[in-house]
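Numbering (my numbering), first residue to last: 108 to 367.
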């Protein structure tokens, strides 16, 4: 029940619930990965079951695909959808220009492909994700396993000339083994502290041999929905330059919480 949720989870739920209202029957919808995106998938599943919403979802990870099927959402591939009406996803950080760091869940490659194949990208987040400068959250960079240590060395060498505060890089682990993405790649986490020029860094990183993609989402997000623990949701639209606010009234017997 919502009364048993932490303030952060209430904030995530509020943002997800509001974002679910953007989805209409007949749409093709990109479904993000991560804890906040999981709330969205559950909210959309409730609309499918309770209100007859019918849409096709394109998940950004195997985890999201499994959850979407479990709650009754029709799942298709991006190749089947070809183009999407909207993608809704979380973020690890966002700044005042709605630039993002994503990839904490390890799905940054599919997330970026799906987001850029959409008419609009909507980010759902709690207020703690907003930062003045990107970079406090480690920046994920997906690299192929072959020669990953060479790629790591090249990244560290490149960072010397970048406007960043730190240059430490670590291989993401899953227990005592390297973490593998859905595409079978590794992730290097860059502990930068602050990124002075995110656009430049994003372009430079992707020129390094072995790098598949990085977690900087520049000029991709159209709206961010910022949830708060009291049910308020602030909606910022970067294209219209508008800021609005709604209030979610938590329902204690909401079906979404029955199996939590």
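Just so it is clear, CB atoms sit at the ideal spot from N, CA and C, and this is done for glycine as well.
The structure presented is a predicted model; accordingly, all values stated were derived computationally and were not measured.
Check, Outcome
"Going by DSSP, what residues sit across from residue 284 in a beta bridge?", "281"
"May I ask you to report which of helix, strand or coil DSSP gives residue 330?", "strand"
"Can you tell me the Cα-Cα spacing of residue 339 and residue 202, whole angstroms?", "20 Å"
"Using beta-carbon positions only, say whether residue 147 and residue 165 come within less than 8 Å of one another.", "no"
"DSSP puts residue 137 in a beta bridge; with which residues?", "165 and 194"
"May I ask you to list the residues that DSSP assigns as paired with residue 321?", "248"
"Determine whether the beta carbon atoms of residue 249 and residue 320 lie at a separation below 8 Å.", "yes"
"Can you find the residues in the same chain that come closer than 8 Å, C-beta to C-beta, to residue 307, ignoring five residues on each side of it along the sequence?", "269 and 270"
"How far does the alpha helix (DSSP H) with residue 264 in it extend, from its first residue to its last?", "255-266"
"For the candidate residues 226, 254, 327 and 236, whose alpha-carbon lies nearest to that of residue 134?", "226"
"Between residue 292 and residue 251, is the Cβ-Cβ spacing less than 8 Å?", "yes"
"To the nearest angstrom, how far is the alpha carbon of residue 259 from that of residue 157?", "49 Å"
"I think residue 333 touches residue 237, with their Cβ atoms under 8 Å apart; what is that distance to the nearest whole Å?", "7 Å"
"Measuring only the C-alpha atoms, how far is residue 287 from residue 279?", "9 Å"
"Mind reading off the beta-carbon distance from residue 118 to residue 234? Whole number of angstroms is fine, and I expect it under 8 Å.", "7 Å"
"Suppose you measure from the CA of residue 125 to the CA of residue 253; what does that come to, to the nearest Å?", "43 Å"
"Taking DSSP as the reference, what is the three-state secondary structure of residue 201?", "strand"
"Taking the alpha helix (DSSP H) that residue 158 falls in, what are its first and last residues?", "142-158"
"Between residue 206 and residue 327, what straight-line distance do the alpha-carbon atoms span, to the nearest angstrom?", "7 Å"
"CA-CA distance, residue 210 and residue 246?", "8 Å"
"Which one of 132, 273, 266 and 144 has the shortest CA to CA distance from residue 314?", "266"
"Quick check: the Cα distance between residue 275 and residue 298, rounded to an integer number of angstroms?", "5 Å"
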